[in-house]
Each structure stands twice: as structure tokens, then as C-alpha cells.
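Novice: Would you mind keeping the following structure in view while I ask a few things?
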Amino acid sequence: MPAAAAPIISSVQKLVLYETRARYFLVGSNHAETKYRVLKIDRTEPKDLVIIDDRHVYTPQEVRELLGRLDLGNRTKMGQKGSSGLFRAVSAFGIVGFVRFLEGYYIVLITKRRKMADIGGHAIYKIEDTNMIYIPNDSVRITHPDEARYLRIFQNVDLSSNFYFSYSYDLSHSLQYNLTVLRMPLEMLKSETTQARQESFDIFEDEGLITQGGSGVFGICSEPYMKYVWNGELLDVIRTAVHRDWLLYIIHGFCGQSKLLIYGRPVYVTLIARRSSKFAGTRFLKRGANCEGDVANEVETEQILCDASVMSFTAGSYSSYVQVRGSVPLYWSQDISTMMPKPPITLDQADPFAHVAALHFDQMLQRFGSPIIILNLVKEREKRKHERILSEELVAAVTYLNQFLPPEHTIIYIPWDMAKYTKSKLCNVLDRLNVIAESVVKKTGFFVNRPDSYCSILRPDEKWNELGGCVIPTGRLQTGVLRTNCVDCLDRTNTAQFMVGKCALAYQLYSLGLIDKPNLQFDTDAVRLFEELYEDHGDTLSLQYGGSQLVHRVKTYRKIAPWTQHSKDIMQTLSRYYSNAFSDADRQDAINLFLGVFHPTEGKPHLWELPTDFYLHHKNTMRLLPTRSYTYWWTPEVIKHLPLPYDEVICAANLKRLTVKKFHRYEEEIDIHNEFFRPYELSSFDDTFCLAMTSSARDFMPKTVGIDPSPFTVRKPDETGKSVLGNKSNREEAVLQRKTAASAPPPPSEEAVSSSSEDDSGTDREDEGSVSQRSTPVKMTDTGDSAKVTENMVQPMKEVYGINLFDGLSEDDLSIYSRFVQLGQRQHRPDKSSQQLCSRCPDGVIKLTPISAFSQDNIYEVQPPRVDRKSTEIFQAHIQASQGIMQPLGKEDTSVYREYIRNRYL
């Protein structure tokens, strides 16, 4: 049996920077402030960074004593008896990194954060503000005239704009990878010999761990995928000098989370986009790919679905689907020396053996497995050859590479001229995209950490049996990925990704047992919520790469966009053109400096003096010999494990990337509940419930009485702008279901209709007035009408449950059920056939007489459940506490609290 495993939570989440004249002391603690670490930074070195980490875990008492000694020692040395020798400079939540230009080093600290999402109890934060502090003191500082200009360029990268981090969840990897790492059988590691472990997977921090027993938990921490880490270069200088808890990796892109409320059951829909830090830049300045196979504007988008009622990776239900966008993997660019809306596309370098495309697809096979599916949305028919240049070259590259791959793992190429279909009045763009999306999701599958639900066996769907991917005992794995591109990878690409994500979302909901068929329709609350997430996602990525929001949205391709949208599209086009013409060069310089592509060096040209940054991103262009074969263009280890991604295969190379440590079961470094909620301390309401997300029930469901609350019901806007049910039959069915419930009164409009449709007999109207103001829309006149109404109500169960209640149903049972339905519709109003069951009181109130042999066993009277004495005392104490009458603590509670205080403060 594999041992229990959990992600390791960083023990450095709150930081305080203390300052003396010769040192900076960075004190970091976990969220509960029970464990501390201390970094000492030397301020007497003008250009070198000297950091000392003693790697000791301090208690609160030890930290107070240490800071007291430092304060006293510096006060004595400086002769400042009346003042403090240790100053509190700034409070922070993490270290972005250290950077140096032409003078000394700076430290970049996160001073404000905001919670954006929650995945399995692991919080994801967005950077709200940062502080950049110069480390050397004024006495040793050597000034340089160009230092201030480099500092301004570096700060052009707005760290408060769409940079995200987490202390316990690895944002650089997908959910499938993170949960696969947790499932890696540690028993396999323990069964290996000591020599083999040291040679292949020496990942244990504690050498005595192999022989230890007990009920501990293995904490697992994996190395980040550096391609999507944006502060990797800023942390390189301290990576080997400090404990890993000081290293906080941030990603750039988008993160959004919304709540889908399904009849009161909360389901979180999370969208995470990771921008690649390799060959990153702005629209016209970064096109195609570099010599290492990294493409411009490469973004990995992952949609995560989780049941929010269970906050645990091991006990909860989670599903995810990943897709990628990126520029065409060729050597191409656009000349912007002459200002024009569409600069000509040129192929910069001949690549007959598709060397750069081979490097790119080899990376994708290693991370995602097979098949790799390319959806190419560039134009194919043009009066003047423009975008078609890229299509022809990409087809040639894919054809060349496929002839050497095994047939079952070849790259699938899907060309589709989306712009041409959009202009056609006879073609529906989204219908065609939906067909493509179905075929793609069936080939790649998706990830879910639970075996298939039993409902899929009871109500099988033909599409479910055709689903691809990899089925394992614990769930399903996604194998392969869809790679979508147009020229800019912005507008058309975002709409195509939305349609594929919508199709995958239907399968994810079906796999978790939340819908009966893997199909979602437009104009439902669920799809509108998902569409809003994807539009925010597209706007954010478009601003980062193109300088404006999306020009064409999903509503544009559905051809339901309002007329006001055209003026907005024109403004976004002008904004994008202005950004590309005047501000992209400065933004590109800032990105090159932030990512460490350019390092300022004394005596060499400055960043603003370079005519081009081509050689910064293509560092091995002077090599004459290729680094790999023209035919065997893949990594041998990758091809052996296909269709599974090599990064998720249990092997020596992957196990070396893990850090495994054994903890006590309730250790704060692996206990999400104690780490974030602190049950024995008073906590702020704003800190505990700081995540405000869009909700389908609050923001999308109409407030009209009688509307079906299901988020999967089609709603269309009426003349007043409100939403109603999509068709008349659905509306009537919802009204009928609502009226059968005795406790749900019909709306006033329907009351009037039902009153006017009553019989003309005065007796019925008199009984109606004396019994209730509610009336029934159906008059039961004879047994035939009753059977007809019963048949109308029972028949839909064939579609819902797959069975027919009339099969094998006797006449006696049918008559009993008919009376039950009649009773529910009449709101307990007696009819002539049941006069003997009730007697009229003098005041006109009907007194219902039980007809059951058991006095308390009927539909009119309910026996309250019995409550034991202990529960009653707890409830009474709760009521008294609200009135200010507090009960004394018991011995057990007092001992637990004393133990906590002893560990926390003493």
C-alpha cells in the first residue's frame, strides 16, 4: 500500500524586514506564526549579494530573544542608548527576487496580496503591490548615471497586474501533474536499496525515514516547471543558498474562479492561464519561435472543476482539462519599420528539416503526451498572399515530422479558415467549432481523480464510451493536448478555445454525476458563467500581448452582439494599433530586463542602444551543426512512454525532482485546516472569507418567480430584458412541477387564470372561498380525467429515470397515486368523494381526521424527533452565549487550549 501523501505548505508566508546599518534581517513565519526562519543580508558589499541562512526553525520565544539581542547589540555599538538599534523596515508576504543592474542588488518584496481562487483548500493569491529596496547602505554605494534608467525600465513590468502565487499549490504545473505526484507510490522508493536510491532517486530529506514506521504523512514538493515561472532568474542568485521555503515562484497570465450552484450544491469553476516566460514579448516584436523551440505568446490554459463541498485532494472530486495557444512554430516575423495595420509576413530563415518545429513538438510530447492536435485558424484563401504563407509552411513541417513518428502518435493537423466562415451567411461558425471540439475532446480525454460514476452505467451515453485519454483505477488521465493558433492567437483563438472548453466542461460535469448527458447548451446560466470567465481570460491575455482587449468575442461570432459593440470594436482596434506603434518597444525592453534575457554590464552597449534583441532570444544561432538527428527528432525517453506524458511517468529522472519529508499527521506544514483556519485563535472575518467570486445563482439566474433554478436550463431574453425559460414546454413543465408541491403557492398571474377556469357551479366557488385563497388549475371530474392527468405527470419519468411507472402497475396502486396527486394539486381541499373523511367545524375551518391506524403516521401530523439530553444542553448553552451568558470551560477544552498556548508562545 502506498503511504499517505500531502503537498508541503511553505513555512514562510509572513515576512518582516528589520534594518541595521550593516545588516538586513528578514524574519519569515508560517501563517499561524508558530515557526520562524531568519535570513541575514549583508549591506556592506557594494555589488555582491551575501546572504546567510542558518536553516534553523525558531520558536516565537527564540525569535523574540534573537531580535532583542540584535537590538541591544546594535544600540551599544552605535552609542545610541536612548534609541533603538533595530528598525522595522517593511512587512511583506513573500520574496519576488533579487536583481542588480549597474550598482548593488535590490530586493523585491510582495507587500499586498489578494486571494483569487481556492483549489482543494490551497489558496491562490494575486500580487497587489510590491516594494523594491536597495540593499547596500549609503556609505558603500557606488553610483552610476544609468542606474536610474534601468530601474525605470524594470518597473515598467507591473507586478500588480496578473501575477499569481501560492504557498502550497504548484501553479506552474497542471492539476493532473500535481495529483499524480501525490499518488507516486513511496513504497517503491522504500523497497529500493540504499545504493540505488542514492544513484537514482535520493529525494528524502531525512535519511532515517526509510526505517521509520508509524502513521505519519509524507509531504511531497516538486520542482516547478520553469517555463511558466516568471521570477526564476530573480531567484537564481539565492536558489542554493537558502531553504526552499524562501523561494516563492510566481506565474503570469490569468486566474479566475466562479461558483456554479446546482440546486444548492456549490461547484467551483476555475480558469488558470500560464504565460510562457521563454520568448515572451509583445505582438509584432515577438513572432514565431526561437532556436530552442519556444514560441511567442505561448499560453497554457487549464479549466478546473471541483466539488466545493469537500475541501480535500484525497476525498474531494476534481477534474481538469488543458489546452494551449501559441504562435506558429516557424522562423517568421513582420516588419514594422513602416507603420501599417497589417505588416507583411516574412519567413526569416529557411528550415527545410523543420528543426524549430521539431524542438517545439518534442517539448509538447514530453509535457502532454500524444496526440498533439493542431487547430490552425489562419486564412487559406486571400487575394494577396499574407496569412497563407504560414499555413503552407506549417503543413510542410508537420508532414515532414509525421513521417518519422509511429502512426498511432502522429501530429493531427486541422486547418479551418475561421474568417471565411464568419463572413458567410449560410454557415454557423460555432456549430462547426462544436464539431471540432467534440472530436478533439474524444481524442485527448480529460483528467478526473475519481472512477466513473455509477450513473454513467445506469444511463450510458454513446459519446462517453468513445472518450479517449487513459483510464486508470483511480480515474482518468488526459493524454495529448489541443494547440490552437491564428496569426495573433488572440480573438479567433479565444473563441475556439472557449468552444473546446465548453465541450470539455460538459464531460467534466457528467463525470462528476452533475448532469445526465455530456452536453451543454447556450443561454444557460452555466455556459454564460463559463463564457464570462473565458472573455475575462481573453481580455487579459490580449492586453498583455496585443495592448488592447479582445476585438471579436463569442457574441460576435454568434452574431448576437448589440450595435454598440461595433463602436467598442473600433476603439479596441485603435488602442491595439496605438500600443503596437508607440509603447510595445518599451514594454519589450522591460520584459527582457525582468526575465534576465538582458544583463546590464559595464563597458557593453546598454539595452536601449541595441538595434534589435534578436540575438538575445536566439543565442545559439552561430552553431553550424544540429544538436539532434533530422529523422529521430524526439527525445528517446519521451517516445517510449507515449501516449502518457513523460513528465508524469514514475521514473528515476522524475523522482529526482521531488522532495519528500515525513511529518506528523497534524503538522502545520501539511495540515490545510490548521494552517489556514487556526481553530484556537480569533481570526478576522475578512481574512477568512476574503474570496468574492461570481455565482450562477446570484449573477445569472433570473429573479422572476417560477423560473427553473437549474443552471442548465436554456433562458432567452424577452422584450423587457429579463430572462425566461427557453421554450413554452419547459415553462409549462416547470409550472406544473411547482404546483404539485403542496407548500409552493402559484404566482398571482396563474391564480387569476385558474380562478377564471373554474366550473360555474356555485358550490365549488363557495368551497373555494371557505377553504383557501389558492385554487387548482385542473378540475378532476371523473376517473378518466384523473387517469389522464396522472398519465401526463408520470410520462416524463420515462425520459428522466429511464423507466415507466405504468409497467406492472396495478389499478389499485394507480388509483392511490391518482388520489395523492389530486390531493397535492387541490392543496388539501376535500372533494365530494372524501366528505366522509372530514367534518366541518362551526367556524368554517376544515378539520382533517387521520385515516391511518397509527395516530402520528399521516401526512397532516409529524412526530418531532427526540433529542438527547447532551444535545439539548449544547443548544441551550449556544442560545445563552448569544445573550452574553457564557458557560465555564470543561477540563478537556481547558487542557487542549493550554497545550496550544504552550506550543504557541512558550
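So the sequence shown is residues -13 to 892, counted in the numbering used here.
Cβ atoms here follow ideal geometry from the backbone N, Cα and C, with glycine treated the same way.
1. Taking V162 as part of the beta strand (DSSP E), name the residues at either end of that continuous run.
2. What residues are listed by DSSP as bridge partners for T332?
3. Based on Cα-Cα distance, which residue from E588, K409, Y520 lies nearest to I128?
4. In three-state DSSP terms, what is Y304?
5. Please report how far the alpha carbon of F584 lies from the alpha carbon of F433, in whole angstroms.
6. With distances taken Cα to Cα, identify the nearest neighbour of L602 among T97, D156, A266, S152.
7. Would the segment 152 to 159 count as touching the segment 231 to 241 if we require 3 or more Cβ pairs under 8 Å?
8. Apart from the five residues just before and just after F187, which ones in its own chain have a Cβ nearer than 7 Å to its Cβ?
9. How many whole angstroms separate the CB atoms of P252 and A294, which I take to be in contact at a CB cut-off of 8 Å?
10. Given a threshold of 16 other Cβ atoms within 10 Å of its Cβ, counted over all protein chains shown, does R852 qualify as buried or as exposed?
11. Got a sec? Which residues, its chain only, sit under 8 Å from H372 by beta carbon, not counting five neighbours each side?
12. By how many angstroms is the C-alpha of V85 removed from the C-alpha of Q66?
13. From the DSSP output, which residues share a beta bridge with M118?
14. In whole angstroms, what is the alpha-carbon distance linking D417 and T408?
15. If we call anything under 8 Å between Cβ atoms a contact, is V2 one with S125?
16. Return the CA-CA distance between V721 and D694, expressed in angstroms with no decimal places.
17. Nearest chain B C-beta to L233 closer than 8 Å, yes or no?
18. Which value, in whole angstroms, describes the spacing of the CA atoms of L271 and A282?
19. Tell me the DSSP bridge mates of E286?
20. Please report the residue range of the alpha helix (DSSP H) in which I625 lies.
21. Cα-Cα, which of F11, I81, D104, Q141 is closest to G74?
22. Might you give, ordered along the chain, the residues of its own chain that have their beta carbon closer than 7 Å to the beta carbon of D192, omitting 5 neighbours on each side?
23. Could you give the distance in angstroms between the alpha-carbon of I(-6) and the alpha-carbon of V203?
24. Quick one: measure Cβ to Cβ for R269 and D477, integer angstroms, because I've assumed they're closer than 8 Å.
25. Quick check on this structure: which residue in Q352, M404, F347 has the alpha carbon closest to the alpha carbon of T385?
26. Which ranges does the alpha helix (DSSP H) cover as unbroken runs of at least 4 residues, wholly within the segment 504 to 543, from first to last along the chain?
27. Would you kindly report the start and end of the unbroken beta strand (DSSP E) that includes K245?
28. Where does T470 fall in DSSP's three states?
29. Just mark S881 as buried or exposed, buried being the case when its beta carbon has 16 or more other beta carbons within 10 Å.
30. Kindly indicate which three-state DSSP category S15 falls into: helix, strand or coil?
31. Per the contact definition of three or more C-beta pairs closer than 8 Å, is the segment 14 to 23 in contact with the segment 859 to 877?
32. Do the segment 536 to 547 and the segment 514 to 524 touch if we need at least three Cβ pairs shorter than 8 Å?
33. Using the C-alpha atoms, what's the distance from Q335 back to E5?
34. Which ranges does the alpha helix (DSSP H) cover as unbroken runs of at least 4 residues, wholly within the segment 356 to 416, from first to last along the chain?
35. My output table needs one value for T645: the three-state DSSP class, helix, strand or coil.
Specialist: To lay it out plainly:
1. Looking at the sequence provided, one finds Gln at residue 162 rather than Val. Looking at the DSSP string, Q162 is not in any beta strand (DSSP E); the run it does join, the alpha helix (DSSP H), is 161 to 168.
2. S319
3. E588
4. strand
5. 39 Å
6. A266
7. yes
8. Low confidence applies to F187: its pLDDT is 42, below 50, so where it sits in the model is not reliable, and the reading given next is rough at best. Answer for F187: L175, A638, L641, K642, listed in chain order.
9. 4 Å
10. exposed
11. K328, P330, I331, K365
12. Low per-residue confidence applies at Q66: pLDDT is 48, beneath 50, and the placement is therefore not dependable, though the value from the model is reported in the following sentence. Cα to Cα, Q66 sits roughly 33 Å from V85.
13. V94
14. 12 Å
15. no
16. The pLDDT assigned to V721 is 39, lower than 50, so where the model puts this residue is not dependable; a value taken from the coordinates is nonetheless given after this. The alpha-carbon atoms of V721 and D694 are separated by roughly 9 Å.
17. Protein chains in the displayed structure number just one, and chain B is not present.
18. 9 Å
19. R260, V310
20. 622 to 626
21. It is Arg, not Gly, that sits at residue 74 in the sequence shown. Ranking F11, I81, D104, Q141 by Cα distance to R74 puts F11 first.
22. Its pLDDT being 45, under 50, D192 is placed unreliably in this model, and the coordinates cannot settle the point.
23. 10 Å
24. Not confirmed; about 12 Å, so no contact.
25. F347
26. 511 to 531
27. 237 to 248
28. strand
29. exposed
30. strand
31. no
32. yes
33. 54 Å
34. 374 to 388, 404 to 409
35. strand
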